[in-house]
Every structure is written in structure tokens, then in C-alpha cells.
Amino acid sequence: MSWALFIVLAVFTLGGGLAVVATRNVVQAALALLVSLIAVAGIYLVLYAEFLALVQVLIYGGAIVIVLIFAIMLTRNAEYPRTSDNRQWPLAALAALGLLGVLVPAFLINAVRGTTPSNAAFTDIGMSLFTTWAVPFEVASLVLLVALIGAIIIARSGPGEN
Amino acid sequence: MANFDQVALLLLILVPLAGAGLTMFMPGDRPKDSWYFAMFVGAISLVISLVIFARYDYEGGGFQFTRVYEWLPGPMDISLSLGIDGISAPLIVLNGIVLMGGVMISQNITYRTREFFVLLLALAAGVYGVFVVRDLFFLFFFYELAVLPMYLLIGVWGSSTRFSDFLRTKEYGAMKLILFLVAGSILIWVGILAVYVEASGQGDGTFSLQRLSDMAASGQFDSNFQKMVFPLFMIGFGSLAGLWPFHTWSPDGHVAAPTAVSMLHAGVLMKLGAYGIIRVGIFLLPEGADWWMPVLIALGTVNVLYGAMSAMSQQDLKYIIGYSSVSHMGYVLMGIATLDRIGMGGAVLQMFSHGIMTALMFTLVGAIYDRTHIRDITVLNGLFGRMGVTCFFFAIAGLCSLGLPGMSGFIAEFMVFTGAFRTHLWAAVLAVIGAALTAVYILRLLARTFFGEPDVRWSGLSDAGVMEKSVAGAFVLVILFVGIWPEPVLRVINVSVPTIPGV
Amino acid sequence: MQWAWLIPVFSFAAAPIIVLIGDRLPGKGAVLSIAAIAAGFVFFWIALFGWMGASDGTEHCYIAIGTEALTCNYDRVWFNAGLPGLPGSVQLTWGFFIDPVTIAMLGLVTFVALMVQIYSLGYMHGDPRINWYFAVHALFAASMLTIILSDSFLLLYVAWELVGVCSYLLIGFWHERPAAREAAKKAFIVTRIGDVGLLIGILLLWHHVGSFGITDAFQAVQNGTLSEGVTIAASLLLFLGAMGKSAQIPFHVWLPDAMEGPTPVSALIHAATMVVAGVFLVARAYPLFEAYNAVPLLVVAIVGLVTALVTATIALVATDIKRILAYSTVSHLGLMMLSLGAFGYTAAIFHLLAHGFAKALLFLGSGSVIHSTEKQEISELGGLRRVMPITTIVFAIGAASLGGIPILAGFWSKDEILQAVSHGRNPVFIVFALITALLSALYMGRALFATFFGRLPHELEHTHESPPVMTVPLMLLAILAIGFGLISWNWPGAFGGFGYFVFNHKPHGFEFTWWIGILSAVMAVGAFVLTYLIYEKGSISLESTRRRFAAILRVVENKYYFDEIYQWTIDRVVLVVANFVGFFDRAIINDVGINGPADVVRWAGIKLRLHVTGHLYSYALAMVLGTVGLGIFWWLYTS
Amino acid sequence: MSLTSNLDLLTPEFALAGLAFLVFAADLVLPEGRKNLLGWFSIAGLLALIAVSVIMLWGVEETLYNGLLAVDDFSLWFKVLFMGIGVFIILSSMDFVTENLEHKGEFYGIVLFSILGMNIMAQSRELLTAYIALELLSFSLYVLAAYARDSAKSNEGGLKYIIIGAFSSAILLYGVSMVYAVLGVTKFEAIAAGLATASEVSPSLWVGVAFILVGLGFKVAAVPFHMWAPDVYEGAPYPITAYLSIGSKAAAFALVLRLAAEGFVPVGDRWEQWQLILAVLAALSMLVGNLVALAQRNLKRLMAYSSIGHSGFILAGVAALSLDSNLPSNGVMLYLVGYSVTNFVVFGGLISFFNMTGKEMMSDLAGLGGTQPFLAASIAIGMFSLAGLPIFAGFAIKFYLFTAVADEGFLWLAGLAVFFSLVSLYYYLQVIRQMYIQPAEGEPAFGHGYGYEHIDAAHDDEEHDEDEHQQPARRYGAAMIETYPALGRRPSITILAVLGAGLVAVFWIGIYPSPLLDTIDAASRAILG
Amino acid sequence: MVDLVWFQLLSAALFVIGLYGVLARRSAVLILMSIELMLNAVNINLIAAASHMEGTNPFANFDGQLIAIFIITVAAAEVGLALAIVLRMYRSRSTVNVDEINLMKW
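Have a look at this one:
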């Protein structure tokens, strides 16, 4: 059962990912990304990380992809919606395969033996987030703040622009 | 005076350094003030150096005026450890004399005078530093400090020259000089690191020359290690000493440099290299030194002959003297390479003698160039009629250079020959032949430049100025004094030469 | 006698004083210089009598090993090379010793120098740099005396070089003249080549003897410390120095050119004193030369003979009066060397002295001519006896003496040499020596008659005799040129003759071999008669002879092309090598060896910077490659 | 013990965040044109915080939040350094901001946030905390790099920076995930324990460690992760270029030091194997940075490559870290201080020059030695110091660091470093040459013209001499003042403060770094024990 | 049950795909999307590891999940800021193609 689910989700994840990097249409790429991200949320569910799945759907599906699509709309130009790979894509493919060639054996040799996946309580996560991980949490909020201010400063139209 | 002894060497470094610092605050629009002040500083440092030399107890020998200031204790063990022995004592006097002379004849520096003297004094401080410290770190520190101002001194106040078939800009000369010297110093640096690591491997990481040389003396440094590291010092310090084939910075640097800088450069700076070979190379790596000495003496011999041959083919006064420096530093290197009591003493005396002599030559070339704006000996002719005193002094310098008895050069070269004769007969023979070659180019220079029909172009020329005359006169006196009665200098040198390992 | 060191010191002290404040001294310093050498001359007598009064037992005096002569030795420490007391250190001394050769030379040098300096007062009168002239003269005299007195090879070398410099400065005294400038340079450099040998020889001796002392070296030879090879090598090296200084072939080329200097200088330095230093050196080191079967002496003899003969022929055809004298000097130096080489030690020293007086006289005489006429080509001169009687007489005395006219000094000394050669060497040597003697008389006669006899050129009719300050020294020298030979005789009384004074190993009396004496006397007289006929009477014309020997004549007139060979060597070998080294230094070492790596580094920088393409994706690619690499290596390097 | 019982130890961080908020708030009420006050306010705040931190935290050695954060001498030392850097950066940017940027108020606030990020980086002992702090710094820098909105170069630099930055974060995080997957921990100490005992373990652990290093390598601009640096440096506003090369690098090395010292060095044998890889990275960085810098004409770009080269030197120190000796870590920290103050001197001069002329090419500097002697002298001293010449900080720090490297058995690396110091001297000297020797536009060079071609002119030497000696030569670079009147004025007080303080520090470190080294040694002991 | 290693392989594949996208795509927006893929790969890895973590009680070590939460947060911020810069870029240069953005090079 979980195998089947895993395979389906994996196919969607990777397929979406491949579509993102292969399609010549930017909007399609964004949609493919959405597919992939949702599938990843599914993977989280398989791993009993319901909270993360929720976060994934909300933030990625609900926020990031939307922002990306906005960006695509805002940056349309003559070649829109078609886009293509740059000149070094064969090298890129080789490099990527090379990395895969490192990663796959690294994972396979002496593979980590995990226990059976199990659930984590929301409350535990919450407790931990606000006790042990309080500092990263605070800092993350500052990161968001900086990003926000920065985005405004940079993207806002200047006096001479419309 | 006991109090003076305590701080004498520190003062020696600090006086020019502080002088440099204070000169920075001299009024920029009154260049003479900076000059006066620099002369004042130079005079003080000269007096201090002379007093130290006079107070050096040549019967006791060893290191005197020692003082240790903690700098960085702990595993690195660096301290500002001061002290002079008979090898460095004459050299600080040399620096004092040449510095004073260089400052005195720099009255014609009207362009950015203040900065000029700041750099000149800083250079002198570096040179003093090298001669008086007994710590590898500080030796290297001051060594680089002495090299550092050269770039600007040549680059800003130097001159470019177009020769018939090539151009030597001051930028080129300055850049080559500093890159070359720093290139040499990186070898030294690596060598120093290697020595430290070796000492540290013995559980006694230190930069103290005293302790390191004690370790070396007790045979704690592996012999193969010594053989591997010694060439670093030999070539590194050697390039500052003009060791062939790492000498080409020297003539080009001289051609580009202003007079005072040439004086200090050839007079003192090149000696740092030779001094370094002795103080660092031989003291710390006696076995390595012993093993490499045949190479060094061969190169030194090449220096002598090659420098002389090159000088013969030159037309520019400064090139000739530059190559003659290369040739004469060859004697120093040979003397060191003999590892012979007399040869080594000769090398040290030759450092002193050549320093004075070459400074004298550059003073006079500067005087000539200032007046004629020409240094080409095929064009200069018959200056004697107009610049008699200059010519007279130049003749003395030239004769000293070709090893005429009665001049300091003879004593030194003679001692080198004797030393080499005992250890490397062939080298001694070649060196004597080199001395004869010196006569060829020196006489050619004298004949072309000073003798011959007086030229109408020189009708309006004046002789060297009071400053130049007095500086040159003082140099000549030193040359003659040492040439006729070398004992006061030699007895100081003699007492320390036997302390050099392997001698 | 222990005050003999003052002999040079007077002059040494005078030199710097004249340089510094000569302008304000009487005679612009000339008086001081003359006073100094005069004092030296006085002290010479003191030394002479001191030595005569000394004996083996006197303090500092002993019978020297090697020379077997009474020698008095005094020295002081000069400087220490190396720490005293440690092995391998050397203590160098200022020291002098007085032995017969020293005394003989002292007499020659002080006297001739005194004469020449007095003469110079007249000759150099009015020269703007007269103080400089006398300063160098003083320095020269001092250095020359030091050579003579020196008890160590080192001090000898020191003084040796100093006289060389003085010679250089005085030859180039009129440095505005390019010829003088070049001659000075040539003189210095050529002698310097010999000095290389000298210095190496000295060092070689020191290395094996352990001391620079001359007598120490003799001792080492005696007791066998010096091996045969070393002794011979050292002797030959010393002889090399002597050849340079004494202008032996092939180093003779500088001496004729040195005549560019003022004539008194030629008289003093290039005739009477400095050039004989080489002969003196060989004489001084004679025990070395004659040790181990005297191999070096054969070399000395051959070189001397060749020099004597070759330069005599040149003297015969030279046209400049000073050059005739110069070549004659070289020829006579050759004879002295020949004599030394033929074991004629005493004869050589004797001839050295006799020749010194005579040649100084001749030069000063010619100087008198030049001073008055300002000409020195013999073809432009002639008949001067009518206007310059004193000069004519003294010149004639000098010429006759040197030409070997009997009872004059030169006759006796030359005779001594010929005799020594006939005893000591193969008959070939005596044949050529006799030819040289004949030639000597011929060119002397030629110089004499061509200059002072014959027709007085019109423009010289108003020439006057030189002032007394010049003629008086001439006359004094002339007296010696006439009578000096008599000291060789076996006089009754304390002085048994020169052979009892200056000798090698054992004193010997005056000897005279009749056939040599008569033969040389006949040749000399015949030669003078012949030249008289040619130049005064004009009854013999040389034209046909000239034509017949045109080819040989050309070679001889061109001085056997020695100068050309030297010039060729300098131009084609030395300068080419020097220029090559200069070029090599700039083009190979600097431009390739030094600039090359620098350019390579800079070029590498320029090329390497292209890797930052400006494209984002290539930056990312580099990162990925780095990541892959790092991952692989990290993995592999972890065990 | 509660997790937060000693929360007061974080007072400086909270106060710093508060300061930033205050700045943002004050920005809203301050009129345009008085925004400089924010800068002064930030400086005052930072200085106060330095004092507070030193007083409060000196000698304290505690951990917070289950070991996520450390409050020890190491973090204190770096905190002081970072806040000091902040002071300098704000001082040197005030003129620039006033003249060249919009949104002047936020600038200071973001700088303060970035300093907060750096402070936390120095304190964190856990990968995620470190990562988040790093991101706080990075985000601030992304914003600051792109701050000059109207400059195409600034935009481009910002874009390249953020994309490559995000890319490298992804790699770093992947590494974190792999390490976590194998060891189950993210705290440095625990990682060390895990690494030390791991046997028959999935090699993804090693690859993960390598990935983490890639992320950090990006941050310090080590070759081959350096290529963003020149572009970003060139594009960024001038003070931010300085900040990138000083602050960002120092912070990254603070993290690297702690990670290596607490996470890797105790591993023992394995660390000794890894040292070699780091050494190679260091060597590559020196090579590429210094060689490519030779060919640069743009000053910012030159400084970028130079900073890559210096990263190589520092990385050499990191590679030499060991438990036996504090020397390498001392060396790294000393180098960071020396490098920072030196760079402040250089950048202070360059920024001031830019403010006056708006030029940033090397050739534009011609004549500066005459027009602005103090600026030129400062830049020259800075350049000499960077090249490692004595009396200046550069010599002492290089000597110390290279000695430490050599002492740990990397003599070859030290030799290489020394060699590349020589190479670097060449391009630093090029700058000095421009300022002092090269003739400025429209004027002949001093000292030229007495060559052989002037033989014929020898007869009118007298007049020549008159000219030269009587009339002082026209001031060197005078023509530049006519083009840029600002060059004739004195540099502003803020720049003078930066240069003055910087020069004092440069000389102090160069001549007597011993007291500084005492504090550094304490910091080293905190991480290496 | 699906072994941990499969999740890891999945994440590796996704990571490499994203990486390829960064290297090969021209549009800055697409590059950002690819980076998101890479971050997701990280998260898969973290969460899979967290839920398979050995421990006395199941899911004792959920640090992985927490890390993932932070990553998602930062990713969001990153996209926001990056897109702002992209927009600014687009406004001034009318392109978001990275191969046209090479004003600065060498």
C-alpha cells in the first residue's frame, strides 16, 4: 500500500520537477512546480508528517507558486511565454548526472537503517519550536522582516517610474 | 653611559623611525625644514652608531648592548631581542655614515621633500633594525621594512632613461626592484618558517636567533633539513646581495633611483643580504651552509667576473656602478663562502668598504648628473676641467674599487683572496683576475668621463656643491683611513668572525 | 738605521699636504716635495753608513738565508686578519729591511728622484696643476722607496700598485690630450695584467709559507717546505708581475706610449726607477728563482733576451726621440733580465744602476730639447749642439755611456752582463746579447747625432739653452754616468768593489774577459762612428739599405704589430665578450629570465580571469563541479 | 534548569534587534536630509552595545537553549569585532548614503540586522541556528547589494548574489539533511562525537559534510565557489562592497572556525585527512584570487579578487586547525582583525574618492597623491598592509598565520601563501603607482625627460634648473581638481574618523599585537578547549 | 514498508533535477523555481530521516521536521526577495534571462 502510494507520489514529484526544468513554457513550468510540490506534501503524509504536509500546501502551493506566477506575469516580454535553456545545458546535464552519480552510491552504500516511520504530535512540535528552537524561530522572523523591507525597497517604483 | 648602553640599540632604531614620523608633520611648503630636520635625525643616529661602535668591547667580543623586550611570548616566542656583535657593529656605522651622507646631498629634492625624507628615514630604520636584532621575526620585519620604501622612493623621485635600443622607466625599475626583493624575501620567509617548524618539532618553537643557533650548534637540526633549507636563505638573502643570476634588479634600480636612494641602496641595503646569509643562513644551518658553500663561491665568482664584464659593456654611469656593485658584492659572497676566518672577515670588511665606496660613487654621479643631466660616458668628456674636485674624489673611489692598496677596498679584497686561496684556489685566481677587469672598466669610465678635451658644453658647469664635497670628502677619509689602518675596524670584526659556525 | 723607514715617509707625508694646501705653499708645493725627497736622500746615507757599521750581531741584523747578505729587519704590526692567536689567522706587518740591494736601489731612487724633481721645477714651470704634479711625484717616490725597503711581499705589492697608480696619474697628467689619456689607461691595465700574476704568486707563497715575509719564503725554500712545483709556479707568477712592470715582451707595449707624460716623469718613472722594479723584484726573490735547478731563470733569460733584441730593433727605426729612448729602456731592461736569467745577479743590479743614471740623464736631456724646441721627432730636429751646448754634452755622455763607450759607466755594466751571459748560458745567448749591444750603440748614436748634429733647422735657430735649474741636475747625473762604472773595480781598502757589496751567495771581485770587452768596445765605437757619418757628415746614405730591407723595415717600423694584435684582441675578443655579457644580461637574464616569469604570471592572470564569464549559470556550474569534486574527495579521503 | 534561565546573556542580541527596530521607527518620523542622525544613532548604539557586551559577558562561558547557542569568549570576541565592523561600516557609508541612495533610513536598520545575524552566527553551535543566522546576514546583504536601485550593475549584482546564494543554501541544506539523516543530530559537538565513532557508516555522511563546506565556501568566496564575488562587489554600493569583503567574510569564518573547531577537529584522524582537502581549497583560492586580480582595472573588482586571495590565506589557517595548538585559530582570528582594519583603511579612502569623483577605475586614481595626500597615503598604507609588508598589520598577521600553518605541517601551503603574497604585491603596487607615480591627466610626469634624448638640450640646462628650483612645480594632480572640484576639499569627518582609527589599528596590530592576541587566545580556548 | 533509502533516492533525484534547472534555464524566474525544487528535496530528506530516526520512543527525534519548517519559511522569504530583485531588473533591463545579464564579467 505505502509502496504504491510512494511510487505514485514519487512519479508526480519527479515528473513535475522534470517538467519545471524541461518545459519551454513558463506558465506550464509554474503549474508543474505546483504539481510537484503537492506531491511532496503527499510524501510528507506517507512519512506521517501531517503538519509539514499542511505547511507545504499552504506556503508552497498557496504562497510561493502564486508569487512566482505573479512574477511571470509581471516580467512578460517579447519571448514570453516561450523560454529555452541556455547554451551550457549539456554541461549542466553532465554536471547534474555527475552529482547524481555521487549521491546515489552515497545513499546506497551502507544505507541508513531507519525504524518504522511513526507520528509526531503537533504539541511536541509546537513545544519544541518555542522552547529549544526559540532563537532560530525569532531569527527566522527577522529574516522575513528583512526580506519584506528589502522587497519593498527594491521593487517599489521610484519617483521617476510608473 | 651604562644607561645609554641599555637603550642604545633601541634608540638606534627608534631615532630614525621617530624622525620619519615627525618629519611627516613638517610644513609641506618649506622643503628646507624637512631637510634640516632629516639631517638632524641623521646626525643623531650617526653619533649613536659611532658611540656604540666605539664602546663595543672588542676584547670581550660576543653580543653586547643586549636587551630583550617581550613581544609575543608563548608558543611563537618572539621577542624584540637586541644586540650587536663584531659583524654588525661596523655595519651600523656604515649605515649611519651613508644615511647622513644621503640626507646631506638630498638638498636638491624639491619635489615632495617631506615625504622623501619620511621614506628615507624609515628605510634607514629598517636597516638599523636588521643589524641589531637577534630575533628571526624582527630581522625579517626590519628587512622588509627596509625594502618597502624603495618602491616609492624610486617610483616618485627617480628618473626614466631612454637608451639607444631600450627604455628603462622608473616605474619598471622600482617595480622590478621591489618585486625582486620581496621575491627573495618570500624564500627567506619560507626558510624562517621551516626553521621554526624544525625547532618546534624539537619541542622548542622559537624565533630567537640565540636559541636557534644554540640548537643548531648542538646539532639538533637534521643535516638533510639543513641542506634543504639553506638554499632558501642563500638565494633569498642572496638576491638582495646581488647574487648572480638574481642581480638584475640592482643595476636597473640604480639607474632609476635618485642619488640618495642609490647610495643607501647600494651602500647599505645590498649588505643586508650578505649579512642575512651570515646571521641567519650560516648561524642557523651550519651543516647546510657547509654543504652549499661550493655553490655559493661559484656564484660569487660568477658575480665578480660577470659583473665586471657587464660593466665593461655599459655606457651609462649608473649602470657601470650598478654592475660594479654586483661585481663587488661577489667578493662579499665569496668571502662568506670561504667559511674561512680571514675570508669571512674580508667579506664583512668588504661590506663596509664597498658601502662607503659605492655611496661615494653615487654621490659623485649624482653631482654630475644634476649638473649635466647626462650619464652617458660616450657623451660626457673632459669634465675634469670643470669639476676637478668631483673628478678627484671619483678617481679615489674608482681606485678603491679596483683594489688599490691604501684604500679600504684592497684590504677587504685581499682578505677575501687569502681566504679563498686557502679553501678554493681556483676561485681565488678568478677573483684576482676579476679585480684586474675592474681596472678596465673603472679606467675606461674615468678616461671617458673626466679626461679628454674639455667640452664647450661644460663651460658653464660648476663643481660639486659644498654638501656634496663634504660628504664625498668624508667618505674618502673613511676609505683611506680603513685602507691605511684597518685595525680599528678589523679587530671588532675579527673577534666575532670565529663565532660563526664552520669558520 | 732603524730610522730608515722615514725615507719614504717624508714623501708620503708630503703628498696629501700638497694636494690639500699645495696652492698656498712655496712653489705650489714643489719645494715641499723636493725637501721630502732630499731628506730621503740624506737618510739614505744614514742608512748606508748604519748598515756598513752593522754586523751579524747587531740587533735586528742577521745574515739572511738565501741571499747570504747582512740584512737588518724592522717591523711593526699593521693589522690582524683573523683573531690573533687562533690558527689560520695572519698578522700583517709594516716592515722594512736593509740589505745591499736595498741600499743600492735607495741610492738610485732618492738621487734620481731628487734630480728629476729639481729639474721639474724648470720643466713644469707655469703649469697650472703643478701642485698636483709634485704631489704625485712625492707619492711615487714614497711608494717606490717602499717597494725597495719592504720586507714582505704584501707590502711590496701594496707599494707596487701605488707606483702603478702614480705612473698612471703622471702619464695622464696632460689628460686633455686623448693620447695621454689612452696611454695612461693602457699603462695601468697592461701592468695590472702582470699584477694578477704577482698577487696570485704572493698568495701562493703565503699559502705554503704561512707568512708574507720575504725571508720567510727563502727559509721555506731552504728547508724544503716549499715544494718544487710551488716554488717554480710562484717564481713564474712573480716574474709575470715583473714582466708587466718592467715592460718585457709581450707587456712592453705600454712603455713607449707612456712617453705621453711629461718628460721628467719619463725619466724618473719610465726609465730609472719604476720600470726597474720588475728587475728588482726578480733580484729580490732570487733565492726562489734559483731554487730547484733554477728553471724559472731560464724563462727569465729567454724573455729578457727576446725583449732586448726585439725592442732594440724598434728603437733603431723609431723617429720620436722619446720613443727611441723608451724602446732603448725596454731593451736594457731586457738585458737586465737576461743577466738575472744568466745568474748575473750582480751584473744586473749594476747595470740597473748605471742604466738608471744614464737613462735619466738622456731623458732629461731630451726633455731639455723638447722644453726648448717643443719638438720631439728627430727628423724635425738637428744641429742643436750649436744652440744647446750643455744639453748636447750631457746627452752625448749619456748616449755614449749607454752605448757602451769604454770607461763610461755603461761600458762596464754591459760588459759585466755579457760576461755573465757567456758564462751562465748557452752560446746562442751571448751572440744575441752582443747583437743587442751593437744595436744599442747604433740607436744611441742615431739619437745623438740626428738630434744634436747635422743641419740646424731654420725655425730652431732661436732656441735657447735650458735654465740652470734644469741643466745642473743634468750635469750631476752626467758625472755619475761617466764615473759610476768605476765602483765595479777592485779598489784597495774597505770597499772591494761592487761585487763585494751586491752579490748572490758569495762576494766576488771584478772580472774582465778581454775578448768580450774588446769586442764590445769596438762595436760601440764603430757604431758611433757609423752614425756620425750618416747623420753629421751625411757621407753614407741609408736609402739603398732601406730599399733592400723594405719588408723587414715595415714590420719593425710597425713595432712588430704588437699594438695591432692587442687592439685586435681588445676589439674582437674582450669587447665582444663584454658586449655579449651585457647583451646576455639584458636580453636573456633580464628580459627572458626575469621579465619572462613575471609576464607569464600576468598572462596567466589575464587568461584566468576569463573564467568569470559574467553568466550566472556558469557560476552555478562551477559551484556544482566544485561540489561534485569536493564530495568525491571528501568521501575518498575519509577512511 | 529551565531552557531560558540565563536568557539575560542574550541581552546584547535583543538590544541590537531593538536598536534596529528603533532605527526603522525613527526613520518614519525623521525628515529627509536628517537621516544621518540615524547613522550616528546606530553608531552610538553599537558602541554602547560593545561596552555592554564586554562588561557583561567577559569570561562567561555558558550555553543556552540546549546547546544551540554558546555565550563564551569566542562569541564575545567576534561580537565585538562585528559590532566594531558595524561602526566602521556605518561611518564610512554615511556620506555615500546621503549622496547616492534612496531609502536612507532603512539602510542603517538593515545593516544592524545583518550585524545581529553575524553575532548569532558566531554564537551558534548547531547547524540550523547557524543557517538561519547566516540567512539573516545574507538577506540583509542581498538587499544592501541591490540597494542602488537605479544602477543596472547594482541590480545585476543583487540578482546574481541572491540566486547563487539561494543555490548555495540549497546545497548546504542538503548537506545538513544528509548529516542529519546519518547521525540524527545537528549540534556541532554531537556531530563531532558521531563522526569520531562512526564506522561502517553511510558515505552520505561524508558527502553531506562536503556539501556543508560548499555552502560555507560560497560564503567566504573560496575557489571554486567564488565567482559571484567580483560581480557582486562591483555592483554593490561602495560601502557594501567593503562590508562584503570585511563583515560577511569575517562572519563566515567565525562560523567556519566554530564548526571546524567543535565539529570536525576533535574527530582526530579523519580531520587530519580532511585538512588536506581544505588546504587544496585554500591553495586554489590564493592562486585564482591573486592571479586574476593582476588583470583587474576596476578597483572594486580588484578588491574582490584580492579578498578571494585573502580567503585562501585564512582558509589555510582553518585547514591547519588542530587540538594541539591554538596557533592556527589564533592566526585566523588575528588575520580577520588585521584584514578588516586594513580593508577599512583602503575602502575608507576609496569610498571618499568615489564620493568626490564618482570614479571607481584604477586609472582614475592618478594624481591622488597630490590632490588628497592623506587619502592616498591611507590607501597606500592599506595596500602595503594587504600585501603583507611590515610595520603594518598585514605583516604581523600574515607572519603569525603562516607560522601557525607551517607549524601544523603545512609548510608547502605556507610557502604557497607567501608566494602569492608576492604576486598580490604587484597589483597592490599598481594602485599605489597610479596614485603617486602615474601622471594625472594633462600633466607630465615628474622625473621624466632627463633621458638620453635630451643630450642636445644640455646647454639650456641652466634655465631648466632655474625653473625647477625656483618655481615649485605645479601640484601633482592639479588638473584633476579642476575636473573634480570636490577633490580639492578635505575628506569628510566620518571618513577621517574611519581612516584615523583604521590607521591607528593597522599600525598597532603591525607593531604590537600582543595584547590583542591575549584576547584572541582566550577566544581560541573557548572553542578548542 | 518503504525503506528510508528510497526516500533519500527520491530526494536525490529531485535535488539533481532542480540543480539541472538552475544550471540550464535562462529565465531567472525558472531558476528560482528550480531552487525551490532543490529545497523540497532537502525537506524530503529531512523529514524522511526524522520519521525513520532510531530512538527509544517513536518519532523522538523530530528535529528534522522543525528544520524543514524553517527551510520552508526561509524559502518563501527568499522567493519574495529574489522576485523583487528580478522585477527591478526587468524594469531596468527588460529581461530576466540570465544569459543577457552579464554587464559585469572577468
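One line per chain: the protein sequences are A, B, C, D and E, in this order.
For the first sequence, our numbering gives the first residue as 1, with consecutive numbering after it.
For the second sequence, our numbering gives the first residue as 1, with consecutive numbering after it.
For the third sequence, our numbering gives the first residue as 1, with consecutive numbering after it.
For the fourth sequence, our numbering gives the first residue as 1, with consecutive numbering after it.
For the fifth sequence, our numbering gives the first residue as 1, with consecutive numbering after it.
From the three backbone atoms N, C-alpha and C, an ideal C-beta is built for every residue, glycine too.
Here the structure is a predicted model, which means the values were calculated and not measured.
Inset, instruction - Please say whether residue 289 of chain D and residue 317 of chain D have beta carbons closer to each other than 7 Å? - result: no
Legend entry - Contacting residues, own chain, Cβ-Cβ under 7 Å from residue 25 of chain E (five flanking each side not counted): 31 and 34
Inset, instruction - From the DSSP output, in three-state form, read off residue 64 of chain D for me. - result: strand
Inset, instruction - State the DSSP-derived secondary structure class of residue 382 of chain C, mapped to helix, strand or coil. - result: coil
Legend entry - Euclidean distance between Cα positions of residue 283 of chain B and residue 314 of chain B: 38 Å
Legend entry - Nearest-angstrom Cβ-Cβ length linking residue 106 of chain C and residue 162 of chain C, presumed shorter than 8 Å: Not confirmed; about 17 Å, so no contact.
Legend entry - residue 326 of chain B to residue 552 of chain C span [Cα, whole Å]: 49 Å
Legend entry - Sequence-distant residues of its chain with Cβ nearer than 6 Å to residue 206 of chain C (five each side left out): 212
Inset, instruction - Indicate whether the contact test is met: 3 or more Cβ pairs, each with one atom in the region 404–423 of chain D and one in the region 177–196 of chain B, closer than 8 Å. - result: yes
Inset, instruction - Determine, using beta carbons only, whether residue 93 of chain E comes closer than 7 Å to chain A. - result: no
Inset, instruction - Mind listing the chain D neighbours of residue 150 of chain A? Cutoff is C-beta to C-beta under 9 Å, in chain order. - result: 106, 110, 139, 140, 142, 143, 144, 146 and 147
Legend entry - Neighbour list for residue 132 of chain A in chain D, Cβ cutoff strictly below 8 Å: 3, 65, 66 and 68
Inset, instruction - Hey, could you find the ends of the beta strand (DSSP E) residue 80 of chain C is sitting in? - result: 70–81
Inset, instruction - List the residues of chain D that residue 35 of chain B touches, going by C-beta distances under 9 Å, in chain order. - result: Under the 9 Å cutoff, chain D gives no residues; its nearest Cβ is about 13 Å from residue 35 of chain B.
Inset, instruction - Pull up the distance between the alpha-carbon of residue 173 of chain B and that of residue 377 of chain D, whole angstroms please. - result: 22 Å
Inset, instruction - Leaving out five residues on either side along the sequence, give the residues of the same chain with a beta carbon under 7 Å from the beta carbon of residue 281 of chain B. - result: 230, 233, 234, 237 and 289
Legend entry - Neighbourhood of residue 244 of chain C by C-beta distance below 8 Å, restricted to the same chain and skipping five residues each side: 190, 191, 192, 193, 194, 195, 197, 198, 251 and 278
Legend entry - Environment of residue 3 of chain B [buried if 16+ CB atoms lie within 10 Å]: exposed
Inset, instruction - Anything in chain C within Cβ reach of residue 213 of chain D, meaning under 7 Å, just list it in chain order. - result: 630
Inset, instruction - Determine the contact status of residue 127 of chain B and residue 263 of chain B, defining contact as a CB-CB distance below 7 Å. - result: no
Inset, instruction - Would you check if the distance between the CB atom of residue 96 of chain E and the CB atom of residue 86 of chain E is smaller than 7 Å? - result: yes
Inset, instruction - Mind reading off the beta-carbon distance from residue 154 of chain A to residue 143 of chain D? Whole number of angstroms is fine, and I expect it under 8 Å. - result: 7 Å
Inset, instruction - Classify residue 466 of chain D as buried or exposed, calling it buried when 16 or more other Cβ atoms lie within 10 Å of its own Cβ. - result: Note that residue 466 of chain D has pLDDT 37, beneath the 50 cutoff, so the model's placement of it is unreliable and no number is given.
Legend entry - The alpha helix (DSSP H) enclosing residue 62 of chain C, as first and last residue numbers: No alpha helix (DSSP H) holds residue 62 of chain C; the beta strand (DSSP E) holding it covers 61–63.
Legend entry - Residues bridged to residue 78 of chain B [DSSP beta-bridge criterion]: B:72
Inset, instruction - Would you be able to state if there are at least three C-beta pairs under 8 Å between the region 121–129 of chain C and the region 39–55 of chain C? - result: no
Legend entry - Buried versus exposed, by CB contacts within 10 Å (16 or more), residue 423 of chain C: exposed
Legend entry - Closest residue to residue 13 of chain C among C:497, C:224, C:302 and C:34 (Cα-Cα distance): C:34
Inset, instruction - Anything in the region 305–326 of chain B with a Cβ closer than 7 Å to a Cβ of chain C? List those residues in chain order, please. - result: 306, 309, 310, 312, 313 and 314
Inset, instruction - Sort D:295, D:30, D:84 and D:67 by Cα distance to residue 54 of chain D and report the nearest one. - result: D:84
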